[in-house]
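Visitor:
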Amino acid sequence: MSMKISVVGTGYLGVTHAACMAELGFEVIGVDVDPHKVRMLSEGHLPFHEPGLGELLRTHVESGRLRFTTDYEQIAEWADVHFIGVGTPQRNDGHGADMRYVDAAVIELATRIRGKALIVGKSTVPVGTARRLHGLIAATADPQADITLAWNPEFLREGYAVRDTMTPDRLVLGCEEAGSEAILRQVYARALDAGTPVIVTDFETAELVKVAANAFLATKISFINSFAEITETIGGDITVLADALGHDARIGRKFLNAGVGFGGGCLPKDIRALQARTSELGLTHTMGFLAEVDEINLRRRERVVRLSHAMLQDQLVGARVAVLGVSFKPDSDDVRDSPALDIAVRLFNAGADVLVYDPEGNKNAAERFPRLFYANDLAEAVANADLVLLLTEWAEFKALVPADLEQLVAARRLIDGRNVLSRSQWEEAGWEIVGMGQHYAPLDGQL
Ligand code: UDX
Numbered sequence: 001m002s003m004k005i006s007v008v009g010t011g012y013l014g015v016t017h018a019a020c021m022a023e024l025g026f027e028v029i030g031v032d033v034d035p036h037k038v039r040m041l042s043e044g045h046l047p048f049h050e051p052g053l054g055e056l057l058r059t060h061v062e063s064g065r066l067r068f069t070t071d072y073e074q075i076a077e078w079a080d081v082h083f084i085g086v087g088t089p090q091r092n093d094g095h096g097a098d099m100r101y102v103d104a105a106v107i108e109l110a111t112r113i114r115g116k117a118l119i120v121g122k123s124t125v126p127v128g129t130a131r132r133l134h135g136l137i138a139a140t141a142d143p144q145a146d147i148t149l150a151w152n153p154e155f156l157r158e159g160y161a162v163r164d165t166m167t168p169d170r171l172v173l174g175c176e177e178a179g180s181e182a183i184l185r186q187v188y189a190r191a192l193d194a195g196t197p198v199i200v201t202d203f204e205t206a207e208l209v210k211v212a213a214n215a216f217l218a219t220k221i222s223f224i225n226s227f228a229e230i231t232e233t234i235g236g237d238i239t240v241l242a243d244a245l246g247h248d249a250r251i252g253r254k255f256l257n258a259g260v261g262f263g264g265g266c267l268p269k270d271i272r273a274l275q276a277r278t279s280e281l282g283l284t285h286t287m288g289f290l291a292e293v294d295e296i297n298l299r300r301r302e303r304v305v306r307l308s309h310a311m312l313q314d315q316l317v318g319a320r321v322a323v324l325g326v327s328f329k330p331d332s333d334d335v336r337d338s339p340a341l342d343i344a345v346r347l348f349n350a351g352a353d354v355l356v357y358d359p360e361g362n363k364n365a366a367e368r369f370p371r372l373f374y375a376n377d378l379a380e381a382v383a384n385a386d387l388v389l390l391l392t393e394w395a396e397f398k399a400l401v402p403a404d405l406e407q408l409v410a411a412r413r414l415i416d417g418r419n420v421l422s423r424s425q426w427e428e429a430g431w432e433i434v435g436m437g438q439h440y441a442p443l444d445g446q447l
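Here it is, written out as structure tokens:
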């Protein structure tokens, strides 16, 4: 008999996991407390942008293999395996992770399961959570129930969510209780058969792999951005530096792109949560460097604001500034902690007339900042612009050539916040173009 799977939480992670589990042939029910989301998903509508996921969702909703509900009663006894993929957002009172949703999901399940079931945590959590949840299950479950817990962190990237789930770089299985590893090996049989490396370990290690990976990636980005501050001050080419570093296989070229820094729903909150957790553990200094990583990252946004003022000869008030890109990265409509959106808002607050265009992110950005002007296309955004900012490297923007814009703008000024355009090509066409990591004389003495 085929295994039945529930996925609790229908955010980015939950929907992707649920649809991919259905694609693997399992019967799946996704659970969420939000009836609006559940209705949309049940009709096969994806509430966010993610390449390939919409089709997968529709296919399996239509086939009946993938369903959604708000009712825990419907899944608690039905599923053999319950994946927990609810959010762990940054807490309002500080930098730690808000564990309310994870705890609530576990209690909802534990108090309803009567028979045998495996609960698998996928959310990114502070180390020690699985062991605590293990105790919570023991304290709240029916004495007759046979519930085991495993921890199986998720490493998917937005924009590649389906691919990362179907063919992950590695599978990390925090399995301490009898039987859980065998069940997860069955769930992931296809990836394992294809040779995906698998790490079977304890709860703490499984939890730490995830936060360590994100901390490392964030550090790598801030590392190159800290060198961008040096080249901005004394000269040098940050892209050539990154290329040269990247040839060392121990370093690698990936995640060494200087720019406006990292954003999104994971890296910023995860490095803050890791610092909070290590402090709780009494290790006040251990993750201190992540505070620097965060600060270097936030300084990139300030650099673009300063550059904008300088390029406009301090005439920013009333200037038309076209902002290309508001999502935190291309192929995503996610604007959570987006450097691009933050910069757009800062320029608006400084008095600029900001016109924003993002191929997918306008809607989410407009919900957060309705006072910015959102253009329907690139041409509308750059019309009569005194300054153009390229802040998210969508393919459409990377492919721009000077001839695309020069008849539209009021002045040929451009900030390449992702270093994706050919500077010489734009300079030859008469543009003042400034990239990240580039020395800009009027800003000498300022970061
Ligand atoms: C990240 C992790 O990559 C993923 O493994 C984890 O599961 C969730 O968090 P994601 O948030 O989708 O994924 O984005 P990612 O592709 O990692 O990019 C994060 C941010 O870093 C983006 O804002 C991106 O623009 C920025 N970035 C990335 C850089 O500024 N420079 C780089 O070289 C790479």
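Using UniProt numbering, you'd call the opening residue of the sequence shown number 1 and step up by one each time. C-beta atoms are modelled at their ideal positions from N, C-alpha and C, and glycine is treated no differently.
Does E396 come out as helix, strand or coil in the three-state DSSP assignment?
Guide: helix
Visitor: Between D103, A178, R336 and G115, which has its C-alpha nearest L136's C-alpha?
Guide: D103
Visitor: Do K398 and ligand 1 come close, with the Cβ less than 6 Å from some heavy atom?
Guide: no
Visitor: Report yes if the C-beta of I230 is less than 6 Å from at least one heavy atom of ligand 1; otherwise report no.
Guide: no
Visitor: Helix, strand or coil for C175, going by three-state DSSP, please let me know.
Guide: strand
Visitor: Which residues does DSSP list as the beta-bridge partners of T148?
Guide: DSSP, once it has assigned bridges, lists L118 as partnering T148.
Visitor: Using DSSP with H/G/I as helix, E/B as strand and the rest coil, what is I84?
Guide: strand
Visitor: If you compare alpha carbons, which of Q407, R371, R368 and E108 is closest to D386?
Guide: Q407
Visitor: Taking three-plus beta-carbon pairs below 8 Å as touching, is the region 219–235 in contact with the region 436–444?
Guide: yes
Visitor: DSSP three-state call for Q90: helix, strand or coil?
Guide: strand
Visitor: For the structure I just gave you, are there three or more beta carbon pairs, one from the region 101–115 and one from the region 283–301, closer than 8 Å?
Guide: Verdict: no, contact absent.
Visitor: If you draw a straight line from the C-alpha of G265 to the C-alpha of D71, how long is it?
Guide: 27 Å
Visitor: Should K116 be counted as a contact of ligand 1 given a C-beta to heavy atom distance under 6 Å?
Guide: no
Visitor: Taking the straight line between their C-alpha atoms, what separation do you get for V260 and E55?
Guide: 32 Å
Visitor: Please name the residue, chosen from N419, F48, A322 and R336, that lies closest to L267 on a Cα-to-Cα basis.
Guide: R336
Visitor: Shorter than 6 Å, the distance from the beta carbon of R336 to the closest heavy atom of ligand 1, or not?
Guide: No.
Visitor: Ends of the alpha helix (DSSP H) at K363?
Guide: Looking at the DSSP string, the run of the alpha helix (DSSP H) that includes K363 is N362 to R368.
Visitor: Tell me whether R157 counts as near ligand 1, meaning its Cβ is closer than 6 Å to at least one heavy atom of that ligand.
Guide: Yes, the Cβ of R157 comes within 6 Å of a heavy atom of ligand 1.
Visitor: For the alpha helix (DSSP H) that contains K37, what are its first and last residues?
Guide: P35 to S42
Visitor: Compute the beta-carbon to beta-carbon distance between K210 and T124, rounded to the nearest angstrom, for a pair I have assumed lies under 8 Å.
Guide: 5 Å
Visitor: Tell me whether N257, by its Cβ, gets closer than 6 Å to a heavy atom of ligand 1.
Guide: Yes; taking the cut-off as 6 Å, the Cβ of N257 has a heavy atom of ligand 1 nearer than that.
Visitor: Helix, strand or coil for R353 per DSSP?
Guide: The residue you asked about is not Arg; residue 353 is Asp in the sequence shown. In the structure shown, D353 sits in a strand (DSSP, three-state: E or B).
Visitor: Are the beta-carbon atoms belonging to W151 and G179 less than 7 Å from one another?
Guide: no
Visitor: Quick one: residues in its chain with C-beta nearer than 8 Å to the C-beta of V420, no 5 flanking neighbours on either side, listed in chain order?
Guide: Contacts found: L390, E393, F397 and K398.
Visitor: Looking at C175 and ligand 1, is the gap between the Cβ and the nearest heavy atom below 6 Å?
Guide: Because no heavy atom of ligand 1 lies under 6 Å away, the Cβ of C175 does not count as near it: no.
Visitor: Identify which residue in A410, G30, G94 and H95 has its Cα closest to the Cα of G64.
Guide: G30
Visitor: Buried or exposed: which applies to V8, given that a residue is buried once 16 or more other Cβ atoms fall within 10 Å of its Cβ?
Guide: Looking at its Cβ environment, which holds 16 or more other Cβ atoms inside 10 Å, V8 is buried.
Visitor: Could you tell me which residues DSSP pairs with D416 in its beta bridges?
Guide: L390 and G435
Visitor: Quick one: does the C-beta of L267 sit closer than 6 Å to a heavy atom of ligand 1?
Guide: yes
Visitor: In the DSSP assignment, find the beta strand (DSSP E) that holds L66 and state where it starts and stops.
Guide: L66 to T69
Visitor: Is I221 near ligand 1 - that is, is its Cβ less than 6 Å away from at least one heavy atom of it?
Guide: yes
Visitor: Count the other CB atoms, across all protein chains shown, that sit within 10 Å of the CB of R412; report buried if there are 16 or more and exposed otherwise.
Guide: buried
Visitor: Does the distance from the C-beta atom of I75 to that of S2 stay below 7 Å?
Guide: no
Visitor: Are the beta-carbon atoms belonging to L13 and G85 less than 7 Å from one another?
Guide: Taking the C-beta atoms as reference points, G85 is found nearer than 7 Å to L13.
Visitor: Considering just the uninterrupted stretch of the beta strand (DSSP E) at I199, what are its terminal residues?
Guide: V198 to T201
Visitor: Under 6 Å: does the beta carbon of G14 sit that close to some heavy atom of ligand 1?
Guide: no
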